[in-house]
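Right, one structure below, let's go through it.
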Amino acid sequence: MRKISHRTGRRHPLASVALLVVGLFTTGGAYALFTGTATAESSAVSEAQLDEGKKIFQANCASCHGLNAEGTNAGPSLIGVGALSVEFQVGTGRMPMAGSGPQAEVKPVQFVQEDIDAMAAWVASLAPGPALPEEEMLSGGDASNGAELFRVNCAMCHNVAGAGGALTEGKFAPHLKNIDPVHIYAAMVTGPQNMPVFSDMNLTPEEKRDIIAYLKYMDGNASVGGLDLGALGPVSEGLFIWIFGLGGLIAITVWLTAKSN
Amino acid sequence: MTDSGKELVDAGAAVAHSDAIENPGFQPEHKRVADLDPQRAKGAERGIAALFIASIVFTILAAVAYNIFPIVEGDPQSIRLNNMFVGLGIAFGLLAIGVGAVHWAKALMHGHDLVEERHGTRGTEETRTRAVEIFKEANAESGWTRRKLVRNTMIGAMVATPIPAIALFRDLAPAGSPQEVLNHTMWKAGVRLTRDPNGTPIKASEVTIGSAFHVIPENLLEVEEGFLDEKAKAAVLLMRLNPSDLKEAADRKDWSYDGIVAYSKICTHVGCPVALYEQQTHHLLCPCHQSQFDVTEHCKVIFGPAARPLPQLPIAVDAEGYLIAQSDFLEPVGPSYWERAL
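Take a look at the structure:
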C-alpha cells in the first residue's frame, strides 16, 4: 500500500518539463496542422516535394535540359520558366519529347499529376517565373469580349473557330478544342515553342479569362451554321463540294441520259 | 477513186468521202418494261405519283419545321435547327418534283428514236436579193445617206448620252488624289501605339521578349468616317526580340527600341493581315499565300509571292515610357499599285 502510494506520489524531476514539452508540441502541432493545410493550397512546396521533383527531372529531362535545368545544345535552359511552363509542357504530354521534329506534339501525358506538380515546384524554385493561376481566373469570363480578343490576338494562327492552322516548315498552331483551361492560360502566359508571349501586361488576367470563356463556349455549342466540317475553311469545304457536290451532279447526269430499262 | 473524190469537194465544205459508210439507221426500238407489261407501267405510274406526293409532304414539313423550331432572339443555336429543317424540307420538295418529272419522261413517255435534220444556214437567192432591196429602199425612203446633217447630229447625240455616267462614276473614286490616300496612314510623329481593340497605350516595359502586340494608332478610335479604311492601312504588329537577334541596317538602327520593332501588318502581296509570328524563328507568315518575312532583317521576303519587305514603323518612347511613332511609314503600306513610286 505504502509502496503503491509511494509509487504514485513520486514524480520524476523531469516530469513537469516533459509535460510542458508534450503540451507545447500538441498545441503547436495542432496549430501547424491547421494553418499548414491553409498554406498548402496556395504554395505547397515542401522540401520532400522539391527533392522528388528534382529526382524526376534529373531522371527524365536532364539529358536535354541539363542536370540543373541549365540547358544543353539539345534543349533550352528552364531556369525562370516557372511552374506554369512545366504544367503546360508536361501536363499536355508535349514533354518529354518523343523525338526531335518541327515542334513538340501533344501525346498521352507521361506523368501523374503529383509528379508534374513536384517537377513544377522544383523548376519554380530555381528562379522566379510564372506560377499557376488562381482557380477563379479560369472560369466565368465574358465570352463575347473573349471572342473579340481571340479574333484580334489568336485567330490568325489558331483559326477563328479555334481549329488550328499551318505555320512554316512543318510547324502548326494546334486546335483549341476541349483544352484544359489551365493549359490555355499557360500557353498565353508562357508562349510555348513558337507561340508569342501574351503576358499579363498585354492581355490582363481578366482578358485571358474572357478568351477561355469564349473557347469553352465554342466547346459547348455546335456551330450555328450547321456541319462545320472541322472549321478548316476552303480545304474541307472544297473537298466536300468537289467529291459530293460534283459527284452528285455526275450521278444525276448519268441517270438523266441512261435509257430506262 | 479517192483522188477524183477529193476534187469534187468544195474547199470550205465538210469532209464528204465518196466511200462514206452507209447510214445504218436506228437500232431496233428498245422496249422498256413499262411498254411490255401494263402491270409494270402501272407500278411506274404509282412510283412517279408517290414522288410528287413526297414533294408535297416535304414542302409542308418545311413550313411546319419553321414553326416547330422558331428562331429565338439571342439564341444563335436556334438558327441551326431552323435552317437545317426548313432547308432540307424545301430541298427535298424541289428535288422530288425534278426526279419525278425525269422518271416520268424516261419510264412512261413516248420512247421512239427520231431524227431532226439540221437546216442549211444560207438563205435562198431570192431571199438574199430581197433583203438587199429592203436596205436600199429604206435608205432611199429615210434619206440616211442623203441627209447627212440629220444623220450625223443623231450619231453625235447618241455618243454624247454616256457623258453623265463618266461624271457619276468618277465621283466614286476617293476624294482628291487616290495616291495621297494610299501613300499615307494615320501614323505621325508622337502618336502613341495602342492595343487593338481597346485602344490602351503600350509601355515599352510591358512588351516582354517574345511578345506580339496587335497595334492601332491612339487616335483611330476617334475616327467616325472611314474607320475600317484607316484601320486597314494603319494596323501594326509589335514584337520584341532579343536585341542581339536583330540585324538592323545602319540607317534604321534608331527605328526600333531595345529590341522592340513595329511592322505594318498589311502584306505587300495582296494586303492580307500578316500576323502569324513565330517567336523562335522570328518569321512572319502570311496565311493567304504563304509569303514569309524575316523580322530580324527588316521583314525581308524569304519565301512566297510578296515583292517587298513589310514597311517598318519607326518607333520611340515618350517621357512617360509609352511607345510612340517617330513618323508615318516611310513608304506606302500594302500591295503595289500603278502610281507607287517605290
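Residue numbers (the numbering used here), protein chains in the order written: chain L, 1 to 261; chain E, 1 to 342.
Quick reminder that beta carbons are idealized off the backbone N, C-alpha and C, glycines included.
Since this is a predicted model, take the numbers as computed values, not measurements.
Task: Within chain L, the residues that Met-84 (chain E) reaches when beta carbons sit closer than 7 angstroms - done: Per Cβ cutoff of 7 angstroms: Gly-226.
Task: Which listed residue (E:Val-115, E:Arg-32 and E:Ile-324) has its alpha carbon closest to that of Gly-25 (chain E) - done: Nearest to Gly-25 (chain E) by C-alpha distance, out of E:Val-115, E:Arg-32 and E:Ile-324, is E:Val-115.
Task: Limits of the alpha helix (DSSP H) - the one that Leu-88 (chain E) falls within - done: Annotation for Leu-88 (chain E): the continuous alpha helix (DSSP H) segment containing it runs 76-107.
Task: Distance, Ile-90 (chain E) Cα to Phe-172 (chain L) Cα - done: Rounded to the nearest whole angstrom, the CA to CA distance from Phe-172 (chain L) to Ile-90 (chain E) is 41 angstroms.
Open item on the list: Could you pull the DSSP bridge partners for Pro-311 (chain E) from this structure?
Closed with: Its beta-bridge partners do not exist; DSSP assigns none.
TODO: On a CA-only basis, which of L:Ala-155, L:Gly-170 and L:Ala-121 is nearest Lys-55 (chain L)? Give me that one, please.
DONE: Ranking the options by Cα distance to Lys-55 (chain L), first place goes to L:Ala-121.
Open item on the list: Using a Cβ-Cβ distance cut-off of 9 angstroms, determine whether Gln-193 (chain L) contacts chain E.
Closed with: Yes, Gln-193 (chain L) lies at the interface with chain E (some Cβ there is under 9 angstroms from its Cβ).
TODO: Could you say which of L:Glu-87, L:Ser-85 and L:Gln-110 lies nearest to Met-97 (chain L) if we only look at CA atoms?
DONE: Ranking L:Glu-87, L:Ser-85 and L:Gln-110 by Cα distance to Met-97 (chain L) puts L:Gln-110 first.
TODO: Identify every residue that forms a DSSP beta bridge with Val-215 (chain E).
DONE: Answer is E:Arg-195 and E:Val-236.
Open item on the list: Would Gly-53 (chain L) and Met-119 (chain L) be called neighbours here (beta carbons separated by less than 9 angstroms)?
Closed with: Between Gly-53 (chain L) and Met-119 (chain L), the C-beta spacing is below 9 angstroms.
Task: Burial state of Glu-41 (chain L) (16 or more Cβ within 10 Å) - done: For Glu-41 (chain L), the pLDDT reaches just 40, beneath the cut-off of 50, and the residue's location in the model is therefore unreliable, although a value from the coordinates is still provided. Flag for Glu-41 (chain L) reads exposed.
TODO: Under 8 angstroms Cβ to Cβ from Arg-2 (chain L), same chain only, skipping five residues before and after it: list those, please.
DONE: Below a pLDDT of 50, predicted positions are generally treated as unreliable, and Arg-2 (chain L), at 48, falls in that range; no measurement from the model is reported.
Task: CA-to-CA distance, Glu-222 (chain E) to Leu-323 (chain E), given in whole angstroms - done: In a straight line, the C-alpha of Leu-323 (chain E) is about 19 angstroms away from that of Glu-222 (chain E).
Open item on the list: Which residues in chain E have a C-beta closer than 7 angstroms to the C-beta of Leu-167 (chain L)? List them in chain order.
Closed with: By Cβ distance, chain E contributes Leu-276, Glu-278 and Leu-285.
- [ ] Compare the Cα-Cα distances from Lys-259 (chain L) to each of E:Lys-42, E:Asp-113 and E:Ile-71 and report the closest residue.
- [x] Of E:Lys-42, E:Asp-113 and E:Ile-71, the smallest CA-CA separation from Lys-259 (chain L) is found for E:Asp-113.
- [ ] Look at the alpha carbon of Lys-136 (chain E) and the alpha carbon of Ala-167 (chain E), and state the distance between them as a whole number of angstroms.
- [x] Distance between Lys-136 (chain E) and Ala-167 (chain E), taken at the CA atoms: about 40 angstroms.
Task: Collapsed DSSP secondary structure at Tyr-185 (chain L) in the structure displayed - done: Of the three classes helix, strand and coil, the one that applies to Tyr-185 (chain L) here is helix, per DSSP.
Task: Cutoff 7 angstroms; reference Gln-179 (chain E); Cβ partners in own chain excluding five residues on either side - done: Cβ-Cβ distances below 7 angstroms link Gln-179 (chain E) to Glu-339 in the same chain, with the five nearest sequence neighbours on each side left out; the list follows chain order.
Open item on the list: Under 8 angstroms: does the beta carbon of Asp-219 (chain L) sit that close to some heavy atom of the ligand ATP?
Closed with: Of the ligands one can find in the structure shown there are none, so the ligand ATP has no counterpart to examine.
Open item on the list: Any C-beta of chain E within less than 8 angstroms: which residues of the segment 194-224 of chain L qualify?
Closed with: So the close ones are Asn-194, Met-195, Pro-196, Val-197, Phe-198, Ser-199, Met-201, Asn-202, Asn-221, Ala-222, Ser-223 and Val-224.
Task: Interface flag, Ser-327 (chain E) vs chain L, CB-CB below 9 angstroms - done: It does not: the Cβ of Ser-327 (chain E) has no partner Cβ on chain L nearer than 9 angstroms.
Task: Rounded straight-line distance, which links the Cα of Val-207 (chain E) to that of Thr-194 (chain E) - done: If I take the Cα positions, the gap works out to 12 angstroms.
Open item on the list: Beta-carbon within less than 8 angstroms of Leu-94 (chain E)'s beta-carbon, same chain only, minus the 5 sequence neighbours each way: which residues are those?
Closed with: Ser-55.
Task: At least 3 beta-carbon pairs within less than 8 angstroms: the segment 175-184 of chain L vs the segment 284-302 of chain E - done: Verdict: no, contact absent.
Open item on the list: So, with DSSP's three-state summary, where would you put Asp-245 (chain E)?
Closed with: Three-state result, Asp-245 (chain E): helix.
- [ ] Would you mind telling me which residues of chain L sit closer than 8 angstroms to His-214 (chain E), beta carbon to beta carbon, in chain order?
- [x] Taking the beta carbon of His-214 (chain E) as reference, the chain L residues within 8 angstroms of it are Val-152 and Asn-153, listed in sequence order.
- [ ] Using beta-carbon positions only, say whether Phe-311 (chain L) and Pro-192 (chain L) come within less than 9 angstroms of one another.
- [x] The first residue shown for chain L is 1 and the last is 261, placing residue 311 (chain L) beyond what the model contains.
Task: Cβ-Cβ separation, Gly-170 (chain L) to Pro-102 (chain L) (assumed contact under 8 angstroms), whole Å - done: About 4 angstroms separates the Cβ atoms of Pro-102 (chain L) and Gly-170 (chain L), confirming a contact at the 8 angstroms cut-off.
Open item on the list: Distance check for Ser-144 (chain L) and Ser-264 (chain E), CA to CA, integer angstroms please.
Closed with: Rounded to the nearest angstrom, the two C-alpha atoms are 27 angstroms apart.
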